[in-house]
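Residue numbers (my numbering), protein chains in the order written: chain G, 1 to 285; chain V, 286 to 630; chain C, 631 to 897.
Beta carbons: idealized from backbone N, C-alpha and C, even for Gly.
Note that the structure is predicted; figures quoted are calculated from it, not measured.
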């Protein structure tokens, strides 16, 4: 069984089902969405097929500009916080015994797979007046009476960091666990303290990984659609929330689609950037 | 005829010719070692015999039948891979039984044959162990037993011993040779280790740059190398320029070697003299004058490096015939005519 | 010594952050009364019983499990032949399909969800339970595709060649060598897709949100329209389920390798 190019029609057989499924249920829906973004909204049903740029024009207003700006700012903040916490943590994790690593990975995967609904619920409980963390502070005498910590920007940011942190750790894990330990040992023999060696050797060696991870977490955070709703006020709503809101509650699919197309283009551009950075790293390695 | 014949086999990958017009006939029951530096095409040639690569041209013929169009799985051969390729999801017994199982041999017969083979490789009772629990040498033997399970006509091994440490490797070489003689099976081993080839083979095939440089019994390869490449690759040697002087006598290091003849029609060439054939004496008439530059005493042998006529010549002696030279001493070099092999340069 | 202390502190802080909200939810879930209070007042496991006895919650649980199992199975069925083909054949253009398989997972989920919403609405199948299964299968096909590609690439090709020298044709090699070796990766791929589908909200909501309640949808609705501690018990139930499934993968497979560590490195 040599690895060789397919020769007969039969050789292509395994590809038929996956290709069909992916084209029919991903490429076509995606194209449909793009098409719908140029359609006219229909009060009675969903939409009527025409060609209009109204949906995009509407998007150019100050309000949506503000939402876009806020979404990007929030996602950048989440990405920076996550990488800042996850990088040293993952570095320490990758230097731990296999057993410790495995236990942590199970825990991290379990949190990663948590529904955004559950994360929202958990943090809204933790930040609530009746069942929140402030009760603990009251109990130890640091506060006089419990209070609610939400809704607010801090709550949204905390929830989103909680959601994105396991993802960040898992994105960083392969690079850090494969990092050549002799690199660090060499630095140590040359007189660098562990902290210096980390800052002077590990961080620069993985600079591209860090940038790529920042972008991936940024895109991940852009996709958060429930936490800003559950933990924030309307001014904390992001583009993803607005898309959901327009599609489901305002029944304005064409406008939702236009926003989605915009979000895709932005995400794609960033993913492309990530791949380019990754490609350059491969090439220079 | 009975045996394996390679008829003008070539293999090209794009512009690169890995195997270049190889022709070889191997009588039935012969133990062949294909020897050469890495990238010389020996593994590619073996893989073509196994059907794992398709020759660009030429034929593989076994016992008179053309094997070239036959797919690997119908060639009924036994092969041991460099990585051994033991199946990690099967235990020792299941690994050995694999070729029997897929041929639909009934369970009782499978078990009987596996027990026979385990006894043959001195691993009786190991059948239920996982492969991962075996030592390197044991895995090696399991891979060999598995390849021999169907009593193939052709037994192929690709660098089979390269993963073992030196001691174990030498023991396995002897074991493998004995096993082959006992079974009388045509065997082809690819190796880059010339000691291994000398130990095991009836026929050594030295390959270089995709071509067969020489195919001969080991001692002939050593004593009568066909060219400088073979002489240099097999053992160590002194390669010295030889020239015919006006009188037609062959001169080496500026001195005529009495009785040494140049091949007809040539007046320039290279000779190979093995280090153990170089004699060192006190400087005297009739010898080449040189100076000892370095002496390496390895205990079992002593290597003396001598500089003469701008060349470095190595002489090897045993401690018994210790010459007592040390670095800086002037010496006389004698090259016995019968040990000088004139090569095609 | 200080390095060890630093490491211990870092691990503790991250652990507290990750587990804190879950502790609070767990505390809430054992409240005796139907009140959102922490520390819990009284102790009761009744809210866990509710998941299985209350018809609404039980229906949601069954819907979620059915959806997760069928979509994960479908995802594996799509990923397996694709990963096999990419490993078996030299066909660079076929990587397009790998890209298509990974894209839904990388794009913001709202987009994929909206794509499905417009698609199912356009073809007139909006709200049918099976549309959610297909949507989730496509959404999560990335996971089995990645684990299976990793699995195929970890097969030493000399194993396959060895099998053929011993008389196995392509089909036999597939059955006796490739499939047994790929099985752990297939199971992990299924498990990853299963757990994530179980927890997925937005795609399920946009495809079948008005006709069917999965557990995340039900929790969300409860969050909006009326609190019940059952939400908390379901959340804890889900975390436990995920931890058990990933724990099993770690126990019987090589989780570190699946997540990107080199296979052979010993620590």
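Where residue i falls, given that 16 or more other Cβ within 10 Å makes a residue buried
i	result
residue 287 (chain G)	Since the first and last residues shown for chain G are 1 and 285, residue 287 (chain G) lies out of range.
residue 363 (chain V)	buried
residue 300 (chain V)	exposed
residue 855 (chain C)	exposed
residue 443 (chain V)	buried
residue 327 (chain V)	buried
residue 569 (chain V)	exposed
residue 340 (chain V)	buried
residue 723 (chain C)	exposed
residue 249 (chain G)	exposed
Per DSSP, the bridge partner or partners of residue i
i	result
residue 523 (chain V)	V:558
residue 536 (chain V)	V:528 and V:541
residue 288 (chain V)	V:312
residue 318 (chain V)	V:474 and V:489
residue 443 (chain V)	V:475
residue 786 (chain C)	DSSP lists no partner for residue 786 (chain C).
residue 582 (chain V)	V:587
residue 294 (chain V)	V:307
residue 564 (chain V)	V:619
residue 574 (chain V)	V:617
residue 628 (chain V)	V:555
residue 398 (chain V)	Answer is none; residue 398 (chain V) lacks a bridge partner.
residue 415 (chain V)	V:376
residue 47 (chain G)	G:41
residue 819 (chain C)	Answer is none; residue 819 (chain C) lacks a bridge partner.
residue 350 (chain V)	V:347
residue 4 (chain G)	C:719
For residue i, three-class secondary structure by DSSP
i	result
residue 897 (chain C)	Note that residue 897 (chain C) scores 33 on pLDDT, short of 50, meaning its location in the model is unreliable; the coordinates nonetheless yield the value given after this. Residue 897 (chain C): coil per DSSP, three-state reduction.
residue 355 (chain V)	coil
residue 670 (chain C)	coil
residue 735 (chain C)	helix
residue 78 (chain G)	helix
residue 32 (chain G)	helix
residue 71 (chain G)	helix
residue 343 (chain V)	strand
residue 615 (chain V)	strand
residue 238 (chain G)	coil
residue 497 (chain V)	strand
residue 593 (chain V)	strand
residue 363 (chain V)	strand
residue 600 (chain V)	strand
residue 795 (chain C)	helix
residue 302 (chain V)	strand
residue 422 (chain V)	helix
residue 683 (chain C)	helix
residue 678 (chain C)	helix
residue 391 (chain V)	coil
residue 634 (chain C)	helix
residue 481 (chain V)	helix
residue 719 (chain C)	strand
residue 505 (chain V)	helix
Nearest-angstrom beta carbon gap, residue j and residue i [assumed within contact, 8 Å]
i	j	result
residue 352 (chain V)	residue 424 (chain V)	Their Cβ separation, rounded to whole angstroms, is 29 Å, which puts residue 352 (chain V) and residue 424 (chain V) out of contact at 8 Å.
residue 876 (chain C)	residue 109 (chain G)	5 Å
residue 105 (chain G)	residue 880 (chain C)	7 Å
residue 479 (chain V)	residue 520 (chain V)	7 Å
residue 616 (chain V)	residue 575 (chain V)	5 Å
residue 820 (chain C)	residue 693 (chain C)	Their Cβ separation, rounded to whole angstroms, is 19 Å, which puts residue 820 (chain C) and residue 693 (chain C) out of contact at 8 Å.
residue 709 (chain C)	residue 778 (chain C)	5 Å
residue 126 (chain G)	residue 132 (chain G)	6 Å
residue 385 (chain V)	residue 456 (chain V)	About 28 Å; that fails the 8 Å criterion.
residue 715 (chain C)	residue 29 (chain G)	No, residue 715 (chain C) and residue 29 (chain G) are not in contact; Cβ-Cβ is about 23 Å, not under 8 Å.
residue 122 (chain G)	residue 807 (chain C)	In fact, because the Cβ distance is near 46 Å, the residues do not count as touching under 8 Å.
residue 273 (chain G)	residue 215 (chain G)	6 Å
Inset, instruction - Just list the alpha helix (DSSP H) runs in the region 92-162 of chain G, keeping only unbroken ones of 4 residues or longer that don't cross its boundaries, in chain order. - result: 98-112, 116-126 and 133-139
Legend entry - Contiguous alpha helix (DSSP H) assignments of at least 4 residues, all confined to the region 737-767 of chain C: 739-753
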